Every structure is written in C-alpha cells, then in structure tokens.
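In what follows, a single structure is set out as structure tokens and then discussed.
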Amino acid sequence: MKREVTAYIGLGSNLGDRLGYLQSAVDCLHETDGIRVTRVSRVYETAPVGLSEQPDFLNLVAEVRTTLSAETILDVLLSVERSLRRVRLVRWGPRTIDLDLLLYGEETINRPSLTVPHPRMTERAFVLIPLGELAGNHPIPGTDATVGEWITRLPAEEGIRLFEGRISLPERKKEPDTV
Ligand SMILES: Nc1ncnc2c1ncn2[C@@H]1O[C@H](COP(=O)(O)OP(=O)(O)OP(=O)(O)O)[C@@H](O)[C@H]1O
Ligand SMILES: Nc1nc2c(c(=O)[nH]1)N=C(CO)CN2
Numbered sequence: 008m009k010r011e012v013t014a015y016i017g018l019g020s021n022l023g024d025r026l027g028y029l030q031s032a033v034d035c036l037h038e039t040d041g042i043r044v045t046r047v048s049r050v051y052e053t054a055p056v057g058l059s060e061q062p063d064f065l066n067l068v069a070e071v072r073t074t075l076s077a078e079t080i081l082d083v084l085l086s087v088e089r090s091l092r093r094v095r096l097v098r099w100g101p102r103t104i105d106l107d108l109l110l111y112g113e114e115t116i117n118r119p120s121l122t123v124p125h126p127r128m129t130e131r132a133f134v135l136i137p138l139g140e141l142a143g144n145h146p147i148p149g150t151d152a153t154v155g156e157w158i159t160r161l162p163a164e165e166g167i168r169l170f171e172g173r174i175s176l177p178e179r180k181k182e183p184d185t186v
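Residue numbering for the sequence shown follows our numbering, beginning at 8 and increasing consecutively.
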C-alpha cells in the first residue's frame with residue numbers, strides 16, 4: 008500500500024460562473040488517480056486582496072487524501088487550471104479558477120516552483136477561515152501556531168462572508184479491486 012497523505016487545497020474564482028468553476032475543479036481533482044477529495048469547507052464570498060479593482064471572489068478549501076507527491080499535485084493543480092481555461096493577465100488579478108497547495112501533511116517544501124505551506128496563507132482570511140472549518144488544530148509547519156491560532160491573529164474578519172451556494176462532495180471513488 009502506498010503512503011497516503013492528507014493535503015489541503017485552496018480554491019478561488021472571481022470570473023464567470025464562479026460556483027460552477029469551483030465545483031468543476033473539485034470534481035476534476037477527485038477524478039484524478041491518486042487523489043480523493045474527502046471534505047470541503049463551506050464557500051465564502053471575499054473582497055479581493057492585493058489588487059482591489061476586481062470582482063469579489065468565491066473561496067473554499069478542499070481536504071484530499073493522496074498518494075501523489077507534492078510536486079505532482081502542483082502539476083495536477085496547474086493542469087486543472089488550464090482545463091478550466093483560466094484567464095489571468097496580471098498577478099493577483101481576476102481569474103476563472105485558482106488552485107493553491109496550502110498544506111501537504113506536516114511537510115515544508117522550499118523549491119523554486121513550489122513552497123509549502125503556501126507562503127501567504129497565514130495572512131489571508133480567505134484561506135484561513137475555510138481551512139479552519141476542516142483543520143483548526145493543524146499546525147502550520149515552519150510557524151509557531153495552528154490554523155486556529157493564526158485565525159485569531161487576523162486583523163479583523165472584514166471582507167469575508169458566507170456564501171449561500173455550496174460545493175457537493177463528489178461520489179465516493181470505487182476502490183480499484185472492486186471495479
Ligand atoms: N504552494 C503553492 N501552490 C500553488 N502554486 C505555487 C505554490 N508554491 C509556489 N507556487 C508557484 O506559484 C506559481 C504562480 O502561481 P499563481 O499564478 O497561482 O500565483 P497567484 O495566484 O497570482 O498568487 P498567490 O501565489 O499569491 O496566490 C505557480 O506556477 C507555482 O509554480
Ligand atoms: N479574496 C481573494 N483575493 C485574492 C485571491 C483569492 O482567492 N481571494 N487570490 C489572489 C491570488 O492568488 C489574490 N487575491
């Protein structure tokens with residue numbers, strides 16, 4: 008049996024059918040060999056951070072169990088973004104879909120193309136609040152605190168509110184030997 012790791016993926020969309028893009032991205036992840044989406048947070052509508060002249064985002068976090076390496080997961084995230092025709096003209100600008108690898112077990116990774124935990128996650132309410140629903144007690148490796156503790160350090164929970172639409176968890180995958 009291959010080692011399974013629990014990882015957390017942050018999803019965001021602020022162009023077009025935002026909820027539809029998020030649902031498609033979660034479905035694509037679950038359909039990928041070596042990834043099972045086990046839980047999803049609720050969806051939040053959030054004011055844009057970084058570049059303010061753009062539409063509000065919908066954000067959520069998905070928990071996955073995976074046998075893939077963190078580097079392979081990043082490749083999967085980039086290919087899901089491509090398959091959903093992500094449009095991104097400027098850094099931090101509007102996009103149909105954005106996928107970030109937030110946590111990969113308790114590992115820290117510092118490579119040119121991949122930093123885990125995601126380097127800006129501890130300052131982002133749109134990441135910490137949905138992640139806190141799933142993993143409040145999870146330590147953020149390389150820092151002195153858990154997800155829940157980082158939430159208490161956020162300046163103020165402004166610009167983030169629950170969105171009424173929800174993402175449905177894809178059907179449970181069949182185990183290979185029961186197909
Ligand atoms: N943990 C990570 N998750 C996703 N991408 C990462 C991560 N660490 C490094 N990257 C690199 O970041 C590159 C650019 O990411 P992207 O274009 O999504 O940035 P952004 O969404 O504009 O900004 P931000 O990184 O602040 O969310 C990716 O191609 C990838 O190589
Ligand atoms: N509210 C919000 N703001 C952002 C987001 C995001 O997902 N939500 N993503 C960004 C680039 O990763 C930049 N700013």
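All C-beta atoms in this analysis are idealised placements derived from N, C-alpha and C, irrespective of residue type, glycine included. In this text the structure is predicted, and so the values were computed from the model without any measurement.
- Per DSSP, Phe64 lies in no alpha helix (DSSP H); the unbroken beta strand (DSSP E) holding it starts and ends at 64-73.
- Per DSSP, the unbroken alpha helix (DSSP H) holding Ile136 starts and ends at 132-142.
- Per DSSP, the beta bridge partners of Asp107 are Gly17.
- By the criterion of at least three beta-carbon pairs nearer than 8 Å, the segment 32-44 is not in contact with the segment 138-152.
- Taking Gly139 as the centre and dropping the five residues before and after it, the same chain places the C-beta of Val154, Gly155, Ile158 closer than 7 Å to its C-beta, in chain order.
- The beta carbon of Gly57 sits closer than 6 Å to at least one heavy atom of ligand 2.
- The straight-line gap separating the alpha-carbon atoms of Gly23 and Pro101 is approximately 10 Å.
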